[in-house]
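Before any comments, here is the structure.
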Amino acid sequence: MIFLVRHGERADNCEVEKQNIVNPSDPHLTPTGCTQALQAGKSIQQEIQAYSCVDIQSSPFLRCIMTAKIIASHINKEEVSLKTEICETLYPHFFSKNPLPELVINTDPTLTYFTGITLIDQQSNQNEIYPETLENVTNRIMSYVQQLLKTIEPEQCVILITHQRPLKTILELFNQNTDNVGYCKVISLRKGESTQIEECELKIY
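At position 62 of the sequence shown (counting the first as 1) the number is 61 in numbering that gives the first Met the number 0, and the numbers step up by one without a gap.
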C-alpha cells in the first residue's frame, strides 16, 4: 500500500508564525499544522496494522519533514527518508531560482526541527528539476509512484509526505474531485494484481 499525505498548515499562511520563518521559500508548520499532522497519523495508524514493513518518505521541504516527524512518532517509526522526487512543484512563478539547495535541511540540519528523528538523505537531481512545467511535475510524480508500485512487496507500506500537486495528480487520474486537497489530506493506493496506478484501489480519507 502507498499513502500520499499533504503537509500541514504552513507558517506563511499564519500572521503570528510568519515572523519566525527561517527561509521564506521553506516555511515551517504552524501549531495548527502540527495538530493536522497528528490527525493524519491517527488515520494512517488504523490502516497499517497488517503491514510488517512501514517506510516513511518525505519531500525535503521543512513543512513536509515536520509533518513526517509527527506521523513517524505517532506510528512508532524512527526514520524518514528525504526524496526530491516528491518535492514541491518548482514552477518559476513560485520560485525565482532553484530553492532545493537552500532548503533549511540543506543549510542548517542541526536546528531543533530535525531532532528526535533519523533523517536519511536520499535527495537527488537537485540541480536538474528546476524550472518545471505542470507536465514535468505530473511526469515526475507519476513515474515515482509507478516505480514504487512495481517494487513494493505485499507486506510493505510506504507513506509519502508531500505537497498538494501529487495528491491532485493521482485524484485526477481517478476522475475524483480535486477541490478538497487541504492540509494533511490523505489518500491511499492499494495494489491489486496489476502494478498500474489506474488499476489500484483508491481510498480518500
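Each residue gets a CB set at the ideal place from its N, CA and C atoms; glycine is no exception.
Nearest to L188 by C-alpha distance, out of I85, H6, E46 and H27, is E46. With a minimum length of 3 residues, the unbroken runs of beta strand (DSSP E) contained wholly in the segment 43-88 fall at 52-57 and 78-81.
In this structure, L159 sits away from V15, with a CB-CB distance that is not shorter than 9 Å. Proximity to E171 across L28, I186, P130 and N19 peaks at I186, based on C-alpha coordinates. Note that the C-beta distance between Q56 and V79 is below 9 Å. Following the DSSP letters along the chain, one finds I119 inside the beta strand (DSSP E) bounded by residues T117 to D120.
Under the DSSP assignment, R189 falls in the beta strand (DSSP E) whose first and last residues are V185 to R189.
Taking all protein chains in view, the Cβ of F2 is crowded by 16 or more other Cβ atoms within 10 Å, so the residue is classified as buried.
Around the CB of G115, fewer than 16 other CB atoms lie within 10 Å, so the residue is classed as exposed. T150 and I140 have their C-alpha atoms roughly 16 Å apart. Secondary structure note for K202: it is in no alpha helix (DSSP H), and the uninterrupted beta strand (DSSP E) holding it is E200 to I203. The DSSP-derived three-state label of Q35 is helix. A distance of 9 Å or more separates the beta carbons of A39 and C156. At a Cβ-Cβ threshold of 9 Å, P59 and L81 count as neighbours. As summarised for the segment 124-192, the continuous alpha helix (DSSP H) elements at least 4 residues long and confined to that stretch are 133-150 and 163-172, given in chain order.
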